[in-house]
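Here's the structure, in structure tokens; my notes come after.
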Amino acid sequence: MSSELPVSKDDQPYRDRRMSLAGHLVELRRRLMIAAAALVVGMIVAFIVTDPIIELVTEPIRIVDKLRGGDGSALLNFDSITAGFDLRMRISFAIGLLISAPVWLWQIWAYVMPGLTRREVRYTVGFMLAAVPLFFGGCVVGWLIMPHVIEVMAAFVPEQGALFYKYDYYYDFVFKLLLVLGIAFVLPVFLVALNLAGVLSGRDILKGWRIAILVATLFAAVTTPAADITSMLLLAGILIVLYFAAVGVALLFDWRKRRREKAMMAEEAA
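Residue numbers for the sequence shown follow my numbering, so the first one is -15 and each next one is one higher.
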């Protein structure tokens, strides 16, 4: 009689589907082509609507121009023949990536899901359901504070100087600001993922609460204007709340894990 314990249903593959290496490569190529086609379609759609997007993104420039005594007609500086097309392609790629996200995310998921266990599938779905809204929430916060950051930075330019906004640097600044804030909002979810992987316990995460508060405050101070204390406190408060929410979820998972281990030990003893 075998003394091995039966494998839990949660630890069994979600789909018992075996493929050769060549089959995996063919499957990967097919899904990459579908994802690339969706990205191209998204970029074409985004290219059509780049004018209103550029109008929204450059609104802070006109506000700064009025504050400096101008008529509010300041524009981006294009210094080459292909600069206008380059800017539209950059915007089209970023927006097209977002538009086609449901397609290429599904292709990634459909490719890796057959090799995951049922437990890993549940964890991955939970991670995506939490990470995607948080990322876009961070992007929204970045979009709201972006005009204030540009206005404050423009205030350092002396009255004797001319203020020009080169299109590529301006786009990179806006894009990176939104990306950094989006990733910052997702970091608590990564902490929970590390807890599920057994790398960090909930108590280990909680031990760093002083550092987490300091980092959140410094990050909020750097990404918001010094004169706008309300935005800084709001952003720091959101990041701190997300951190402690991650701690609570990790502690809950640790408690469930200990209870499950005790139940298994009791079954083995019986």
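Where is the CB? At the ideal position from N, CA and C, for every residue including glycine.
Nearest candidate by alpha-carbon position, reference residue 117, set 205, 252, 150 and 165: Out of 205, 252, 150 and 165, the CA that lies nearest to the CA of residue 117 is found in 165.
Residue 174 versus residue 71: straight-line alpha-carbon distance, rounded: About 33 Å.
Exposed unless 16 or more other CB atoms sit within 10 angstroms - verdict on residue 28: exposed
7 Å CB neighbourhood of residue 134 in its chain, flanking five on each side removed: 44 and 48
Contacts around residue 157, its chain only, beta-carbon distance under 7 Å, and the 5 residues preceding and following it disregarded: none
Buried versus exposed, by CB contacts within 10 Å (16 or more), residue 233: Answer is buried; the Cβ neighbour count reaches 16.
Residue nearest to residue 287 in terms of C-alpha spacing, selected from 19, 151, 190 and 126: Any question about residue 287 goes unanswered here, given that the chain covers just -15 to 254.
CB contact flag (residue 179, residue 189, <8 Å): yes
Buried/exposed call for residue 119, threshold 16 Cβ in 10 Å: buried
Distance, residue 248 Cα to residue 34 Cα: Between residue 34 and residue 248, the C-alpha separation is close to 59 Å.
DSSP-derived helix/strand/coil call for residue 101: strand
The region 59 to 76 / the region 104 to 116 touching (three or more Cβ pairs under 8 Å): Because the criterion of three Cβ pairs below 8 Å is not met, the region 59 to 76 and the region 104 to 116 do not touch.
Buried versus exposed call for residue 145 [16 or more other C-beta atoms within 10 Å across all chains shown]: Exposed, by the Cβ-count rule.
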